[in-house]
């Protein structure tokens, strides 16, 4: 990836696009595409596009069976300033409308839709958390947890269904803010495991290998550098997941389970990426090569097939929870949205809602062949998917366990 583009995205969350995240229900004909969410102050939000809108046509090509090259070019513009015409059907509408979208530099808002639900068994917090992959996520998470703490939140739902990963140190901080000092002090969030040629020293930094702890303080780029993080001191957390829940999101799940904080997984099997790397620049191009794997405090890190919602919990890759399909008929944060509704019912009753499954979800096998007509058969799409499934190990020096 171009180094300037990567550094811009990592530091500010800014990248070129329309400011929407799509969900490919079917990438090969007959195709179907929904808007998963939109970013504020983006070309998409300016046109009133929200979650649940269905894309019907792009630049004259029908989504259901049109030219994949035209569709890919419109969905993933190569440059800022490209304009493409979309026919969409809004959430709750029976009619189509046409909008022109021009790609622009959009800054992501990692934490959205913070909600607090007053239930019979206490206040339940909810937040949609879209990426660990930008440093601004640190302060937004802190602000959300200060509010949750002030409001006396006793249970928490973290919506990671579209969170493909990012910085490991932010994943560790989030886990600390959930569990608090008593449960995390002296415990390992993630042990970094290299190959047998590097048993003692990190070959990238030259430093002695030491585990990543549960970070309890802020980095130098937070509003209050070096400050103590807020925490809820919870012994369980609800995580909303889908196959796009990846990397640092999975490290968050694995790290908490390593110290016996109960994770209730609502949705579908996660992507399966217990690996990471240091982004490395070479002459203006940044390379990402698989370099290490991660294990929790119990020494578990074998979840390459993902974490699986299940009626049984084996302490490893099977996680207690409910299998629920993604719901594009409601906005995220709506208590009637299927995954959030299931979490709230489980919080109240201790069981999956009627009509959902507590049977083991299917694992997501990788396909060796992608049809030429598939919307995944595109270099731009592949790069976008890769950047959404990255776990950057980069840890600020002031947070390193030295």
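Residue numbers (the numbering used here): 310 to 711. All C-beta atoms in this analysis are idealised placements derived from N, C-alpha and C, irrespective of residue type, glycine included. Just so it is clear, the structure is predicted and the values come from calculations on it, not from any experiment.
field: Own chain, CB closer than 8 angstroms to residue 486, minus 5 neighbours either side, in chain order
entry: Only 450, 451, 454, 538, 539, 540, 541 meet the Cβ criterion.
message: Can you give me the C-alpha to C-alpha distance between residue 467 and residue 510, rounded to a whole angstrom?
response: 35 angstroms
- request: With a 10 Å radius around its C-beta and 16 neighbouring C-beta atoms as the bar for buried, classify residue 446 as buried or exposed.
  value: buried
task: Within 10 angstroms of the Cβ of residue 613, are there 16 or more other Cβ atoms? Answer buried if so, exposed if not.
output: Flag for residue 613 reads exposed.
message: Tell me which residues share the same chain as residue 645 and place their Cβ nearer than 7 angstroms to its Cβ, disregarding the 5 neighbours each side in the sequence.
response: Cβ within range, chain order: 639.
message: To the nearest angstrom, how far is the alpha carbon of residue 519 from that of residue 501?
response: 8 angstroms
- request: Assign residue 599 to buried or exposed, taking buried as 16 or more other Cβ atoms, counted over all protein chains shown, within 10 Å of its Cβ.
  value: exposed
task: Pull up the distance between the alpha-carbon of residue 631 and that of residue 618, whole angstroms please.
output: 6 angstroms
task: Please go through the same chain and pick out, in chain order, the residues whose beta-carbon is closer than 6 angstroms to the beta-carbon of residue 609, but skip the five residues on each side of it.
output: 625
query: In or out: residue 711 buried (at least 16 other Cβ within 10 Å) or exposed?
result: Legend: pLDDT at residue 711 = 44, less than 50; position of this residue unreliable, value from coordinates given subsequently. It counts as exposed.
query: For the region 470-481 against the region 539-558, are there 3 or more C-beta pairs whose distance is under 8 angstroms?
result: With the cut-off at 8 angstroms, the region 470-481 and the region 539-558 touch.
Contact check, residue 463 vs residue 432, beta carbons under 7 angstroms: yes
task: Could you name the residues of the same chain whose beta carbon sits closer than 6 angstroms to that of residue 579, not counting the 5 residues immediately before and after it, in chain order?
output: 550, 554, 559, 615, 616
field: Minimum length 3: unbroken beta strand (DSSP E) runs contained in the region 587-662
entry: 589-591, 594-596, 601-604, 617-619, 627-632
task: Can you say whether residue 328 is buried or exposed, counting buried as having 16 or more other CB atoms within 10 angstroms of its CB?
output: buried
query: Touch check for the region 311-321 and the region 340-353: three-plus C-beta pairs under 8 angstroms?
result: No: the two stretches stay apart, fewer than three of their Cβ pairs being nearer than 8 angstroms.
task: Could you tell me which uninterrupted beta strand (DSSP E) segments, each at least 3 residues in length, are contained entirely in the region 327-411, listed from first to last along the chain?
output: Listed in chain order, the beta strand (DSSP E) elements of length 3 or more contained wholly in the region 327-411 are 329-335, 341-347, 363-367, 392-398, 406-411.
- prompt: Using a Cβ-Cβ cut-off of 8 angstroms (strictly less than) and excluding sequence neighbours within five positions of residue 674, which residues of its own chain qualify?
  reply: The predicted model places residue 674 with a pLDDT of 42, which falls under 50 and marks its position as unreliable, so this point remains unresolved.
task: Report the rounded CA-to-CA distance for residue 350 versus residue 416, giving the unit in angstroms.
output: 8 angstroms
task: For residue 676, I'd like the list of residues in its chain whose CB is within less than 8 angstroms of its CB, leaving aside the five on either flank, ordered along the chain.
output: A caution first: residue 676 carries a pLDDT of 40, below 50, which makes its placement in the model unreliable, though a value can still be read off. Contacts found: none.
- request: Kindly list the residues whose CB is nearer than 8 angstroms to the CB of residue 708, restricted to its own chain and excluding five residues on each side of it in sequence; keep chain order.
  value: 478, 524, 526, 528
field: Spatial distance of residue 515 from residue 601 (CA atoms)
entry: 15 angstroms
query: What does residue 468 pair with, by DSSP beta-bridge criteria?
result: 437, 549
Contacting residues, own chain, Cβ-Cβ under 7 angstroms from residue 379 (five flanking each side not counted): Result list for residue 379: 367, 368, 370, in chain order.
- request: Report the rounded CA-to-CA distance for residue 280 versus residue 352, giving the unit in angstroms.
  value: Because the chain is modelled from 310 through 711, residue 280 falls outside the range shown and cannot be assessed.
- request: Return the bridge partner residues of residue 501 from the DSSP annotation.
  value: 603
- prompt: Cα-Cα, which of 364, 588, 387, 480 is closest to residue 402?
  reply: 364
query: Is residue 489 buried or exposed, if buried means 16 or more other CB atoms sit within 10 Å of its CB?
result: buried
- prompt: Where do the N-terminal and C-terminal ends of the alpha helix (DSSP H) with residue 316 fall, by residue?
  reply: 312-321
query: Among 441, 568, 390, 355, which has the Cα closest to the Cα of residue 498?
result: The shortest CA-to-CA distance from residue 498 to any of 441, 568, 390, 355 is the one to 568.
task: Could you have a look at residue 263 and say whether DSSP puts it in helix, strand or coil?
output: The requested residue 263 does not occur in the structure, where the chain is confined to residues 310 to 711.
task: Given a cut-off of 7 angstroms, decide if residue 576 and residue 648 are closer than it, judged by their beta-carbon atoms.
output: yes
- prompt: Per DSSP, what kind of secondary structure is residue 543 in: helix, strand or coil?
  reply: coil
- prompt: To the nearest angstrom, how far is it from the Cα of residue 381 to the Cα of residue 534?
  reply: 42 angstroms
task: For residue 479, name the three-state secondary structure that DSSP assigns.
output: helix
message: Please return the same chain residues whose Cβ sits closer than 7 angstroms to the Cβ of residue 330, not counting the five positions on each side in sequence.
response: Same-chain partners within the cutoff: 345, 346, 471.
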